[in-house]
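Contents: one structure, followed by commentary.
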Amino acid sequence: MIPVLLIVIPLVSGLVGFLIRNEKTARSWSLFAAVVTLFVSLSGLILHKEDAFLSADVAWLPAMGSRFSVALDGMGQVLCLLTAISFPIIFIATWRTPYKNARNFYALMLLSQAGLMGVFLAMDALLFYFFWELALIPVYFLCSIWGGEKRIAASFKFFVYTFLGSIVMLVGILWLYSHTPDHSFSLKSFYALRDKVTGHDQLWLFWLFFIAFAIKMPIFPLHTWQPDAYEQSPTATTMVLSAVMVKMGLLGLLRWLAPVLPLGTWAWGDTVSMFCIIGMIYASLVAMQQDDLKRLVAYSSIAHMGLMCLAVFATTQLGMQGVMIQLFNHGINILGLWIVVELIERQFHTRKMSELGGLAQKAPVLAILLVVVALANVALPLTNAFIGEFLMFSGVYASAVTRYNVVFTVTAGISIILSAVYTLNMIQKVFFGNTNTLTEKAKDLYPNEKFVLIVIVVLIVLIGVYPKPVLDLTKETVDTLLTKMATATK
Amino acid sequence: MNAIIISAVWGIVMMFSGIFTRNKTSIRYLAIAGLIVLFLANILDLQGHHFFPVHTANMLFFDTFGLLANAILFGATLLYFLLSARDIENVGVKPTDPESVKAGVNTAEYFALIFFVLCGASLVTTFNTLLMLFLGIEIISIPLYILTGSDKRNLKSNEAALKYFLMGSFSTGLMLLGIAFLYGASSQGSFFIDEVAAGRAAISPLFIVGLLLLLVSMAFKVSAAPFHFWTPDVYDGAPAVFTSFMATIVKAAVFIGFIRLFGESFGPTQVKWQLFVAIITAATLFIGNLTAVFQQSVKRMLAYSSIAQAGFMLFAILSLGEIAKQGILLYAAAYSVATIGIFAVLIKMKDHSLEGFNGLAKHHPVLAFTSTIFLLSLAGIPLTGGFFAKYYMLLSVVQTHQFLWLVIFGVICAAVSVYYYFRVIQAMYFKEGEPQTLEIPAGFNGLLILLAIIIILLGIFPQWLLNQLSDIIYL
Amino acid sequence: MNNVISLVWLIPVLPLAGFLVCGLLRRHLSKSLTGVIGSGVILASFILSLLIFGQVRQEGFQAVVVRLFDFISVGKLSISFAFQVDPLSALFLLIITGVGFLIHVYSTAYMHEETAPDFARYFAYLNLFVFSMLLLVLGSNYVIMFIGWEGVGLCSYLLIGYWFKNIEYGAAARKAFIMNRIGDLGFLIAIFWMISQFGTTNFIEIFTKAAMPKAVSTGVLTGITLLLFVGATGKSAQIPLYTWLPDAMAGPTPVSALIHAATMVTAGIYMIARSNILYTLAPVTQTVVAVIGLATALLAATIALKQNDIKKVLAYSTVSQLGYMFLGLGVGAYTGAVFHVMTHAFFKALLFLGAGSVIHAMHHEQDIRKMGGLKKHLFWTHLTFLIACLAIAGIPPFAGFFSKDEILSAAYEKNPVYYAVGVFTALLTAFYMFRLYATTFLGKFRGTHEQAHHLHESPSAMVIPLVVLAVLSVVAGFVGIPAAIAPDAHWLGHFLAPVFEGSTRLHPAAEADKKLEWGLMGISVGVAALGMIYAWSRFSRKPDLEEAQGFGKVLADKWYVDELYDAIIVKPINALGRFFNSFVEKSVIDGIVNGVGRLVQYGGRQIRLLQSGLVGGYVLLMVIGILALFLVELFTKK
Amino acid sequence: MGTTQVLFWFLSVLALISAIMVVVSKNPVHSVLWLIFVFFAISGHYILLNAQFLAIVNLIVYAGAIMVLFLFVIMLMNLNADTEPQKNKWLKIAGVVAGGSLLLVLVAALKHADMKNQLADMGSGDIGLIRNLGLTLFNDYMIPFEITSVLFLSAIVGAVVIGKKD
Amino acid sequence: MPINYYIFLSVALFCIGVSGVLTRRNAIIIFMCVELMLNAVNLLLVAFSKMHHHAQAATNPNAGIDGQLFVFFIMVVAAAEVSVGLAIIVMMYRNTHSIDVNFLNRLKN
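This is the structure:
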């Protein structure tokens, strides 16, 4: 029941949103819908923990062996919660940003939320693919209509990139489907295939899936759509893209690839890990050179996602748990960064760090909140990201599936240092130093912005200090995942 | 049989209607009425009510597959008539001549020809001998030559008609040579499709030659590369309203015939020709998609896109399974509806180039929105019928566990296709401009929305069509 | 009795509360209220620490672990948020809260020029620092320690960059943070290694497992300890990661006193002392630690010789003294090292606070060449500063003498070369400290008239901490009287013995040769006195005011180490980044992506040409197509 | 070599030469005339094969009606050799080469056909007689026969639509 | 007569027709060449028809008759095509005063 609601509420309210004439009403309506979704998600987390509430299964395309099957497992809970939290935060944070044709804007945002929820909830490969694309289309329109100067090219690059990846994945899904004995797309049938698909087939099938996920995450060298898309999108959309959408890739990896093709995952682990690490270092180095705030955050996100992917391939309990919790943390943290970027851009109409400076004098609250978020970005202890990165790194170090675990840990660890370099640089250039003519008249936060940033900071600290609830939530998922991945490697 | 006879008769009725009335509206309504009758008669046929118990000497075989295909074709034609019948009346009209504006030029004849084409199409979907296939294709082709050239003062239309005619008759020659060889190879000396490939014939070189020639000529008719060259020119030169018809209903009909021919007669010898179909498919996908990328005229782009779509439909020929048969019907339906829709919009545009679409979303949101749905469907994005169409095609090949390279190549081409379809969307939504349109009649928007809804329904519940289709699993 | 100990969580929580109150309400608190809250919470912690210290001192005390909650619990790995109370942590608690409290009090006066919100911000940072530092020493496992470890780094960053309008200060802060991070990476990897080796991060479990014979190979231990040491070099400013500390003097002077002298920089020593058993089991690491420590001590001392900024001299002296402590750790004199931490905390804090008082009086002038003759104007400051100088120079009976002597004698036992270098460094120390003293306080005043006019002793809130610390600098040494003077009088040694029990069992301290000890003591005192007297006599009359020349310039320019790092690390990395950003990213990766797009377009344009518009051409192509198919047929048949 | 053989070769050679002449003649009228020769030769073959009905129909429909129509159109347009501009020489060569290659390839593909023992009945068998054909045509081939009327109707309509001057 | 001769004769005629289509620019002549191709097919069909008759006459007196009937239909279709084709050519001639197929090449690329 709850999963269905999570998809249907944003979907329906988004469609209704198209019809609302008044801009303000549309805004409020979307916020209302997003908050309702959040409550539904929370109720799934707290009140209704029975399976009956957490899954739904309806006949959809019986002749094709596909069902409308959705369920909330631990990972799903985490990601749905992230999605559900993100959207109200985004709506509140951008409350003052004027969008022409706001109703369409908000309606499309809600549609993308529905798509994202669907991706996180789908337990049927075809349904998964459906939502995968459904989440993409609204975002494409959002970028292309409300984006920056080069929006058409950037969003199109993004679209073609991800579409290509996903359609290649479709081939993989079809291949697996055609090998299921019961001709079914259900996750269970796919898991049952594990021993039937030979190692040789897994070797190439792996890439059919992984490319789609790698593009989404993105993993070096398939990342070039990302900085452009982030830069050109309206920030609200960028938030969706980077906070939630990139998680689709990881979810795909964790739910649809690693347990389904464990041999392939195992065999290509080192190769992929290598790309992840190159990407981490590379993106960090490139981030150091950026002057545009959005691009900086974009590259930093690439580095972080690289680590998460690396941890998945380490196949250890520690690492997986780290990934699970980081799924949430990364979303929250980057959301905070984007909100700050959005506020700066709205006030000064520039994102160039070189044109800013001295904001800490004029907007101390913003500065403090940003510093906390930035510290979470560099994974300082007692922030949420530390928990995730600590677990992931220790997972990589303890990995038994690769011989290069130490090398991986150490080289990937360099990015910890580099992340400090560019993050502190950003703080320095934007907030410290003296004001200039542009930042002279800077204003501090409005209450709504303060509210969302405080929520984010509270979440950052709360999870950083007491991560147990989140860890417990995904414990079961991790255990099943590891069993699925492990039995085949023997 | 219902469909064949009624369509032929109604064609004659339409032919004569021009004598009795000069009022083009009544002619139009007559045509639409005829089509409804045709559609219903075909549905009745499907349910076992045969109006004309004619002795066919087994030359036609009315199975569910063929009749369903007919239903789809007629349904699509109905939508086509509803949307574009008014534009048929305007073909060849001289704006300076009030008489022709009022009554249209040859309106009745155009409708008659379309009915004849439908008659040919129903032959092609239900043939059981090569003779009927040949006749059906000719009955389709000859009216099309004329419809292509119907805008007589337009040199482009002239040129298109001439090219189409010359190349069409050339391909007829190839087809006949192929049929002759198959006849020579058959053991019994028969043209029945289940006999031509029986017994020792299958190993005879005559058979191979005949099969190849037949493949080539069918490939020509469905505009598969490298036999597609007529398509862009003809689609571009013909009046847009007829291009719409040619690119959708006619093409779908020929595909049904194609799969029928190869499924029934050459199914057992699949291994011998699969490679050729694979090559043709790859070439079609490649050329269609790549050439469409650079087109500046939307009309011509759609022509190339129809080649690219044919490439996908060829997957069904390649795999020839139950899935393929279901898929080709679904493809025919989804593709036809989307293309009819996008052409209906295109006809209303004064400027057929890409720039002509700039800023359409602002001035005509319904046109832009529905066009977007149609284009998304053509690109094969989920939630539209086009997705399941492509899905079936891919699945049918994947299930053969062969030609995976072709599937991958196909999906890459599909990604390329996104490029040119989205250029139109980009023009409509993200660019500024003052698009010039013709007068948009009342109800037109509603019909477009209806089409869009059909597309989306097909994209969410292909089941209602597939439920029908699942009956033909064991043909 | 455990009631007090179970309240140990209050010790860090109080400063945290202070941080939250000061930080959140900074716009609403008056300066005096802020000062009271900020110092009060530390005082409360100090009192609690005293109580706990009282408990720990009792005979037969066993280390107590107070578990608060599960921090990270994944599978078999369980990391709890727990505090460990034992002699070592109790001692550090005292130092941190005690010195911390004094510095807070001092700060209320020193920072009074700031606006109220900034003032509150300062105290919030300071409280946060104390909180982190307390976490660091209280943590019962490496992860909690690491939390504190990074926390102090953060606070250091915030406080160095406290005056954020100044970009250079910001750069110094960043440098400190990043260099610390490099060390932290080593620490982190060590933790990962320990997790995979021992499956836990708890001190007690790890030390027990490591101490079991043949449980863990020496190689593994060497690796882990070396990595931990990398962390220590970052935090405690040792070669090669020491260059941030002198730059860190950009922060307010009390901060330098607290963080960059008394407490944070000793975290590395604390960590190694805490892990002493691991180090004892890894002799190679011990040697490395000793050598690095000694080298740092010497290098920093040489640089200090030619510095003219009062705080810079003190900063290099801190680096140098830290080197001593590492030497002590490296030669196995853990008690000595901790002893030196304590005494150093007192006298170095005193030195910095004194310097702060001077700077305060001089209106933010830090160049000693523009001072001189301050003795007359700043009585208390001068007096306490002199005491501190004597203490650091190792003149008996001041505190520094005892602790330094303990380290040096242990070094002699290990290797006389260590001793020789150590003594030479002591000479340099005495020399530069008294150069500083003489230039600042003796001779004539060399500042401007205006400065001369305003010269005055600091307010009592600043003087009282100076006096308290001066007293401590005098008496603190008596807790560790060497056996040569009075057998069994080493109270600190007894107190800490349970902590180092494992190590001493492996390497029992050799029976000290009294004669030798006296001899060594004599040499070091003599050398120190020599340096002191020489410097005093030389600089009180004719201060060293010219720009350094020749070798002196090399020293004044800090051996060009910063320039070296810039050339071999910073610049190449930046160049690499630029290369990636402007070439690889745009031309290679994006180039390939766009290239594919362009290739498709180009292909489209070329293939379009096939569509020549000529029927003959079309038919020809069709026929060629047919020919191709037939050829395929003919060739595949065979 | 019997008479039929002689006739076969004669007619074959005649057909081939005439066909080539159709292609190479500059003057369209000549082409038409050569084409008529081909039709005659082919009709001769039909007779040899005892397909009298087809032979007659071929002459009447093709040589008689269709060719006259062609000739009529050509005359109407007043075409002669000069009206056709010279086609690109290379394209021409390419055309001939392509046609020749097609022949080669087809022959190559067919030469393995084991048809040596398959004979085309000559002079015997009466399936080609009008009576037999007619009987089959109006029984089994009723449907296609009727269907062709649709074809003709559409052709008529088409010719009217296209040919009408308006 | 062995069927091979007929096959090769027909194929040769067919290919001559194809060459004609390829080499000529006059629409009418191209069309005539297509007619030539159709005739080649007709001949082949009749030959095959007699071949089948020869093979099966014993069992089925009407064997092979389908081929000849097919030829009949081809002739019918050809006649229809000619009427339409010539109409198109005439229409083009009326508009452009040329029947050169390359004269009209507005539609390309």
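Residue numbers (this note's numbering), protein chains in the order written: chain A, 47 to 536; chain C, 1281 to 1755; chain H, 900 to 1537; chain P, 739 to 904; chain Z, 399 to 507.
The beta carbon of each residue, even a glycine, is placed where N, CA and C say it ideally should be.
Next on the checklist: So, for H/F1438: in the same chain, excluding its five sequence neighbours on each side, which residues have a beta-carbon less than 6 Å away from its beta-carbon?
Outcome noted: Your numbering for residue 1438 of chain H matches position 539 in the third sequence. Once the five neighbours on either side are set aside, the close Cβ partners of H/F1438 are R1334, A1337 and T1338.
Item to check | Where the region 1492-1509 of chain H meets chain C: residues whose CB sits under 7 Å from a CB there | outcome: Within the region 1492-1509 of chain H, the residues whose Cβ lies closer than 7 Å to some Cβ of chain C are V1499, Q1500, G1502, G1503, R1504, I1506 and R1507, listed in chain order.
Next on the checklist: Using beta carbons (cut-off 8 Å, strictly below), is C/L1674 in contact with chain A?
Outcome noted: As a first step, residue 1674 of chain C must be located in the second sequence, where it is residue number 394. It does: the Cβ of C/L1674 has a partner Cβ on chain A nearer than 8 Å.
Item to check | Residues of the region 866-890 of chain P with Cβ closer than 9 Å to any Cβ of chain Z, in chain order | outcome: Going along the region 866-890 of chain P in chain order, one finds G866, N870, L871, L873, T874, L875, D878, Y879, P882, F883, T886, L889 and F890 with a Cβ nearer than 9 Å to chain Z.
Next on the checklist: For P/K903 and Z/R504, what's the separation of their Cα atoms in angstroms?
Outcome noted: The sequence position of residue 903 of chain P within the fourth sequence is 165, counting from 1. The sequence position of residue 504 of chain Z within the fifth sequence is 106, counting from 1. Going from the Cα of P/K903 to the Cα of Z/R504 covers about 24 Å.
Next on the checklist: Measuring only the C-alpha atoms, how far is H/Q1448 from H/K1205?
Outcome noted: Along the third sequence, read from residue 1 onward, the residue named residue 1448 of chain H stands at position 549. Along the third sequence, read from residue 1 onward, the residue named residue 1205 of chain H stands at position 306. Straight-line Cα distance between these residues: approximately 10 Å.
Next on the checklist: I believe H/A1427 touches H/A1298 by the beta-carbon criterion, under 8 Å. Please report the beta-carbon distance rounded to the nearest angstrom.
Outcome noted: Counted from its first residue, the third sequence places residue 1427 of chain H at position 528. Counted from its first residue, the third sequence places residue 1298 of chain H at position 399. Between H/A1298 and H/A1427 the Cβ distance is about 14 Å, and since that is not below 8 Å, they are no contact.
Checklist entry - So which residues on chain C does Z/T421 lean against when the C-beta distance must stay under 8 Å? => result Translated into the one-based positions of the fifth sequence, residue 421 of chain Z becomes position 23. Near Z/T421 there are no residues of chain C at all, since even the closest Cβ is about 13 Å away, more than 8 Å.
Item to check | Residue-chain proximity (H/F1028, chain A), Cβ-Cβ < 8 Å | outcome: Stepping through the third sequence from its first residue, residue 1028 of chain H is reached at position 129. Not one chain A Cβ lies under 8 Å of H/F1028.
Checklist entry - Could you give the distance in angstroms between the alpha-carbon of A/S440 and the alpha-carbon of C/I1729? => result Numbered from 1 along the first sequence, position 394 holds the residue referred to as residue 440 of chain A. Numbered from 1 along the second sequence, position 449 holds the residue referred to as residue 1729 of chain C. In this structure, the alpha-carbon of A/S440 lies about 56 Å from that of C/I1729.
Checklist entry - What separation, rounded to the nearest whole angstrom, lies between the Cα atoms of A/I66 and A/S59? => result Counted from its first residue, the first sequence places residue 66 of chain A at position 20. Counted from its first residue, the first sequence places residue 59 of chain A at position 13. If I take the Cα positions, the gap works out to 10 Å.
Checklist entry - Using DSSP with H/G/I as helix, E/B as strand and the rest coil, what is A/K398? => result The sequence position of residue 398 of chain A within the first sequence is 352, counting from 1. DSSP, reduced to helix, strand and coil, places A/K398 within a strand of the structure shown.
Item to check | Inter-residue spacing [alpha-carbon to alpha-carbon] between Z/L436 and C/M1455 | outcome: Here the question's residue 436 of chain Z lines up with position 38 in the fifth sequence. Here the question's residue 1455 of chain C lines up with position 175 in the second sequence. Taking the straight line from one Cα to the other gives about 10 Å.
Item to check | Reduced DSSP category for H/G1038 - H, G, I as helix; E, B as strand; rest coil | outcome: Here residue 1038 of chain H corresponds to residue number 139 of the third sequence, with the count starting at 1. Three-state result, H/G1038: strand.
Item to check | Local Cβ density within 10 Å of A/G377, reported as buried at 16 or more and exposed below that | outcome: Here the question's residue 377 of chain A lines up with position 331 in the first sequence. Around the beta carbon of A/G377, 16 or more other beta carbons sit within 10 angstroms, so the residue counts as buried.
Checklist entry - In or out: A/L156 buried (at least 16 other Cβ within 10 Å) or exposed? => result Here residue 156 of chain A refers to the residue found at position 110 of the first sequence. That one is buried.
Next on the checklist: What does the alpha-carbon distance come out to for the pair Z/V444 and Z/A438?
Outcome noted: Locating residue 444 of chain Z in the fifth sequence gives position 46, counting from the first residue. Locating residue 438 of chain Z in the fifth sequence gives position 40, counting from the first residue. Distance from the CA atom of Z/V444 to the CA atom of Z/A438, rounded to whole angstroms, is 10 Å.
Checklist entry - Given that H/F1102 touches chain A, what residues does it touch there, using C-beta distances under 7 Å? => result Working through the third sequence from its first residue, we reach residue 1102 of chain H at position 203. For H/F1102, none of the residues of chain A pass the 7 Å Cβ criterion, the least Cβ distance being about 17 Å.
Item to check | Three-way DSSP call (helix, strand, coil) for C/A1563 in this model | outcome: Here the question's residue 1563 of chain C lines up with position 283 in the second sequence. Looking at C/A1563 - three-state DSSP - the assignment turns out to be helix.
Next on the checklist: Going by DSSP, what residue range makes up the alpha helix (DSSP H) through C/F1487?
Outcome noted: The residue labelled residue 1487 of chain C in the question sits at position 207 within the second sequence. For C/F1487, the enclosing alpha helix (DSSP H) begins and ends at P1485 to K1501.
Next on the checklist: I need the straight-line Cα distance from C/T1261 to A/A168, nearest angstrom please.
Outcome noted: Residue 1261 of chain C falls outside the range modelled here, since chain C spans only 1281 to 1755, and no answer is possible.
Item to check | Contact belief for P/D882 with P/I812 at Cβ below 8 Å, rounded distance in angstroms | outcome: Position 144 of the fourth sequence, counted from the start, is the residue given in the question as residue 882 of chain P. Position 74 of the fourth sequence, counted from the start, is the residue given in the question as residue 812 of chain P. It should be pointed out that residue 882 of chain P corresponds to Pro in this sequence rather than to Asp. A Cβ-Cβ separation of about 33 Å leaves P/P882 out of contact with P/I812 under the 8 Å criterion.
Checklist entry - Tell me the DSSP bridge mates of H/I978? => result Here residue 978 of chain H refers to the residue found at position 79 of the third sequence. H/I971.
Checklist entry - When you compare each of C/R1540, C/S1651, C/I1620 and C/L1594 to C/D1343 by their alpha carbons, which one comes out closest? => result For the purposes of this step, residue 1343 of chain C is taken as residue 63 along the second sequence, with counting starting at 1. Nearest C-alpha to C/D1343: C/R1540.
Next on the checklist: With a threshold of 7 Å on Cβ separation, who are the neighbours of H/M900 within its own chain once the five nearest residues in sequence on each side are excluded?
Outcome noted: Taking the first residue of the third sequence as 1, we reach residue 900 of chain H at position 1. Note that H/M900 scores 47 on pLDDT, short of 50, meaning its location in the model is unreliable and no value can be drawn from it.
Next on the checklist: Under 8 Å, Cβ to Cβ, is there at least one residue of chain H near Z/L505?
Outcome noted: Within the fifth sequence, the letter at position 107 stands for residue 505 of chain Z. Any Cβ of chain H closer than 8 Å to the Cβ of Z/L505 would place that residue at the interface, and such an atom is present.
Item to check | Strand pairing of H/V964, partner residues [DSSP] | outcome: If you number the third sequence from 1, residue 964 of chain H lands on position 65. H/V964 is bridged by DSSP to H/Q983.
Checklist entry - Roughly how many angstroms separate the alpha carbons of H/L913 and A/C355, rounded to a whole number? => result Position 14 of the third sequence, counted from the start, is the residue given in the question as residue 913 of chain H. Position 309 of the first sequence, counted from the start, is the residue given in the question as residue 355 of chain A. Their backbone Cα atoms lie some 40 Å apart in a straight line.
Checklist entry - Which full runs of the alpha helix (DSSP H) of 4+ residues lie inside the region 1176-1242 of chain H, going along the chain? => result Segments of the alpha helix (DSSP H) lying fully in the region 1176-1242 of chain H: 1182-1203 and 1209-1229.
Checklist entry - How big is the Cα-Cα spacing for A/L296 and A/L373? => result Numbered from its first residue, the first sequence carries residue 296 of chain A at position 250. Numbered from its first residue, the first sequence carries residue 373 of chain A at position 327. Approximately 8 Å, taken between the alpha carbons.
Next on the checklist: By the DSSP assignment, the alpha helix (DSSP H) with H/D1304 in it spans what residues?
Outcome noted: Taking the first residue of the third sequence as position 1, residue 1304 of chain H is located at position 405. Boundaries of the alpha helix (DSSP H) around H/D1304: A1298 to K1313.
Checklist entry - Counting only runs that start and end within the region 1296-1383 of chain C, where is the beta strand (DSSP E) found for 3 or more residues in a row? => result The region 1296-1383 of chain C contains no whole beta strand (DSSP E) run of 3 or more residues.
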